[in-house]
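Taken in order, these protein sequences are the chains called U and W. Using the working numbering, read the first sequence as starting at 1 and increasing by one per residue. Using the working numbering, read the second sequence as starting at 1001 and increasing by one per residue. Glycine included, every Cβ here is placed at the ideal spot set by N, Cα and C. Heads up, the thing below is written out as C-alpha cells.
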Amino acid sequence: MQHSIKQDTLVGLFIAVGIAALFFMAMQISNLSTFTKEDSYTISAAFENSGGLKIKSPVVVGGVRIGRVIAITLDQTKFQSIVTMKIESQYNKLPEDTTASIFTAGLLGEQYVSLDPGGLEDLLINNSVIDITQSAIVLEEIIGQFLFKSAETKE
Amino acid sequence: MIDLLTQLGKKTRYSFAKLGRSSFFLQQLLMGITDVLVRPQLLSKQLYSVGVLSFFLITISGLFVGMVLGLQGYYILSNFGADEALGVMVATSLVRELGPVVAALLFAGRAGSALTAEIGLMKATEQLSGMEMMAIDPIKRIVTPRFLAGFISLPLLTALFSSVGVLGGHLIGVSLLGVDEGSYWSQMQASLDVYDDILNGVIKSIVFGFVISWIALFEGYDAIPTSEGVSCATTRTVVNSAFAILGLDFILTALMFGDI
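Quick look at the structure:
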C-alpha cells in the first residue's frame, strides 16, 4: 500500500478539527466554563410551597446568580418542601438571618430562589438551614382571592 | 392462500437468517480490531476516504442548517419579544437532535453508500475470494479498518456540524438581524448542560456511527455479486440506515430526555 504523507496530514488535521469542535461545544456552548463542582457549600430552606421551582433553578442575591437548587424534597412531618441549594464558596459571607423567597422571572418566566441578606454577624455555613422563608406565589390563588374579593364588594 | 403463507414464511425466515449473518459478521469484524491497531496505516487511509472527504459536505450543511434555524427562530421568537433566546433555541435543537440526526443521514448517503458499493464490487470482481486464497482474512484486512473509520469519523463530524451550525446561527441572528451578542452566548451557556445535552448528543452520534458502518459494510459483504446486486445493496444501505437512525434516535431521546 502506498504511503502518502499528504493523506496522513489531512487525516490528522481532520481529527484535530473534530476534537477542537468537541471542545468548542463543551466550553462555548454549554455551562462547563461556569461549572462549580468542588468549591461550593450547601444550605437548605423550608418553604410552605415551592411552586414551580425545579432542580437547577438559579439562586440569586440582588440579581447575581450565586448557586443552584440541587434537591427539592418533602418533609413528611410538617408537610413543607425542603429546598437544598448549592452556593459557590466564594460567596461565603451570607449572614445567618438571611431570608429566602421564591420569585418568578417575568410573568411566564422560570422560578428562582432569591436570598435577602440580614444583619447578623454569624454566617451561613455548610448544611445551615434558613428559617425565614416566603413561599412561591401561585397565580391561581391570587386570581381566586381577587375574584372572591370583587364579588364581596359588589354585594 | 397456501402459496401466500409459504411466501410469507420464506420472507420471514430469510430476514431472520440475514439478521443472524449480520450479527456473526459484526462479531468477526470486532475480532479484527487488534490487527488494525497493529497497522494504523490501514485505518489512516480509510479515515481519509470516509472522514476527510465528508468534511466539506458536513460543514457546509451544518452552516446552512444553523443559518436557517437562526432565521426561522428569529421570526418566531421576535413575536414574543424573546429574540435573546435565539442562541438557546439554535444550540439546543442542533446539539440534541439536528446535529446527530442530519449529520448521520448525510454520512449514510455520502460514506455509507460508498462503502457498500466498494465492498460489493470487491466481492463481484472476486477480490475478496482472491485474498482468502492468499490466506489473508478479508474481514480483518478490508472490513474492520473501514468500520473503525466510520465509527471514529461520525462523532467528530457531528461535533463539527453542531459547532458550525451554532456559528451559522450567530452569523444570521447576531450579525444580520441584530440579536444581542452577549445574550446569544450567555443564555446558551446558561441553559445547556455538558452532561445532559452535549454528552447525550455525542453518545447519539457514536451509536449512529456504529450502526451506519455496520449496515453499510454488511450490505456490501452480503451483496449478490452482480452489478444489479451491488446497486440493490447500495440502495438498501441508505434506506436501512435512515430507518435505523430515525428509529434509534427516538429510542435514545426517550431514554435520555424522557424523565425530565
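Item                                                                                                                                                                             : Value
Which residues in chain U have a C-beta closer than 9 Å to the C-beta of phenylalanine 1151 of chain W? List them in chain order.                                                : What phenylalanine 1151 of chain W touches in chain U: nothing, since even the nearest Cβ is about 13 Å away.
Leaving out five residues on either side along the sequence, give the residues of the same chain with a beta carbon under 8 Å from the beta carbon of glutamate 88 of chain U.   : Thr36, Asp39, Ser40, Ile66, Gly67
With a cut-off of 8 Å, does the C-beta of phenylalanine 1208 of chain W fall near any C-beta of chain U?                                                                         : no
Give me the chain W residues within the contact set of asparagine 92 of chain U, using Cβ-Cβ distance strictly less than 8 Å, ordered along the chain.                           : Under the 8 Å cutoff, chain W gives no residues; its nearest Cβ is about 23 Å from asparagine 92 of chain U.
Quick one: what does DSSP say glutamine 90 of chain U is sitting in, helix, strand or coil?                                                                                      : coil
Just mark valine 138 of chain U as buried or exposed, buried being the case when its beta carbon has 16 or more other beta carbons within 10 Å.                                  : exposed
Below 8 Å between beta carbons: does that hold for serine 50 of chain U and alanine 151 of chain U?                                                                              : no
Determine whether the Cβ of methionine 25 of chain U lies closer than 8 Å to any Cβ atom of chain W.                                                                             : yes
Buried or exposed for lysine 1204 of chain W, please, with buried defined as at least 16 other CB atoms from any protein chain shown within 10 angstroms of its CB.              : buried
Residues of chain U with CB closer than 7 Å to the CB of tyrosine 996 of chain W, please, in chain order.                                                                        : Here chain W comprises residues numbered 1001 to 1260, so residue 996 of chain W is not present and cannot be evaluated.
Could you pull the start and end residues of the beta strand (DSSP E) that serine 1191 of chain W belongs to?                                                                    : That residue, serine 1191 of chain W, is in no beta strand (DSSP E); its alpha helix (DSSP H) goes 1181-1191.
Take methionine 1188 of chain W as the anchor and find which of W:Leu1252, W:Val1090, W:Leu1199 has the nearest alpha-carbon.                                                    : W:Val1090
Given a cut-off of 8 Å on the beta-carbon distance, is the pair serine 1162 of chain W and serine 1054 of chain W in contact?                                                    : no
Of the residues that make up the region 1107-1120 of chain W, which ones have a beta carbon closer than 8 Å to any beta carbon in chain U?                                       : none
Leaving out the 5 sequence neighbours to the left and right, which residues in its chain are closer than 8 Å to glycine 1026 of chain W when beta-carbon positions are compared? : The question names glycine, yet the displayed sequence has leucine at residue 1026 of chain W. The answer, listed in chain order, is Trp1214, Phe1218.
Kindly identify the DSSP beta-bridge partner or partners of arginine 65 of chain U.                                                                                              : U:Val60
Does aspartate 75 of chain U come out as helix, strand or coil in the three-state DSSP assignment?                                                                               : strand
Give the DSSP bridge partners of phenylalanine 47 of chain U, in chain order.                                                                                                    : U:Ser81
Relative to chain W, which residues along the region 115-132 of chain U have a C-beta separation below 9 Å, given in chain order?                                                : none
Using only CA atoms, which one of W:Gly1009, W:Ile1172, W:Ser1049, W:Ser1023 lies nearest to leucine 1071 of chain W?                                                            : W:Ile1172
Does any residue of chain U bring its CB to less than 8 Å from the CB of phenylalanine 1064 of chain W?                                                                          : no
Classify glutamine 145 of chain U: buried if its beta carbon has 16 or more other beta carbons within 10 angstroms, exposed otherwise.                                           : exposed
Starting from the N-terminal side, write out each stretch of the alpha helix (DSSP H) that is 4 residues or longer and does not extend beyond the region 1126-1200 of chain W.   : 1127-1133, 1144-1170, 1181-1191
Once DSSP output is grouped into helix, strand and coil, what is the label at phenylalanine 103 of chain U?                                                                      : strand
Could you tell me whether the Cβ of alanine 1190 of chain W comes closer than 8 Å to any Cβ of chain U?                                                                          : yes
Work out the CA separation of methionine 1131 of chain W and proline 1145 of chain W for me, nearest whole Å.                                                                    : 16 Å
Using alpha carbons as the reference points, say which of W:Val1230, W:Ile1251, W:Leu1148 lies closest to methionine 1031 of chain W.                                            : W:Leu1148
For arginine 1013 of chain W, does the count of other Cβ atoms within 10 angstroms reach 16, so buried, or fall short, so exposed?                                               : exposed
Is there contact between the region 1219-1234 of chain W and the region 1174-1184 of chain W, where contact requires at least three CB pairs shorter than 8 Å?                   : no
So that I know if they touch, is there some Cβ in chain U lying closer than 8 Å to that of leucine 1252 of chain W?                                                              : no
Could you tell me whether the region 1043-1058 of chain W touches the region 8-17 of chain U, where touching means 3 or more Cβ pairs closer than 8 Å?                           : yes
Could you tell me whether the Cβ of valine 941 of chain W comes closer than 8 Å to any Cβ of chain U?                                                                            : What the structure shows of chain W is the stretch from 1001 to 1260, and residue 941 of chain W is not part of that stretch, so it cannot be assessed.
Run through DSSP, which three-state label would isoleucine 15 of chain U get?                                                                                                    : helix
For a contact defined as C-beta to C-beta under 7 Å, what are the partners of alanine 1091 of chain W on chain U?                                                                : Ile29
Between phenylalanine 148 of chain U and the rest of its own chain, which residues show a CB-CB distance below 8 Å, the 5 nearest in sequence each way excluded?                 : none
Report all residues from its chain with a CB closer than 7 Å to the CB of glutamine 80 of chain U; omit the five preceding and five following residues, and keep chain order.    : Ala46, Phe47, Glu48
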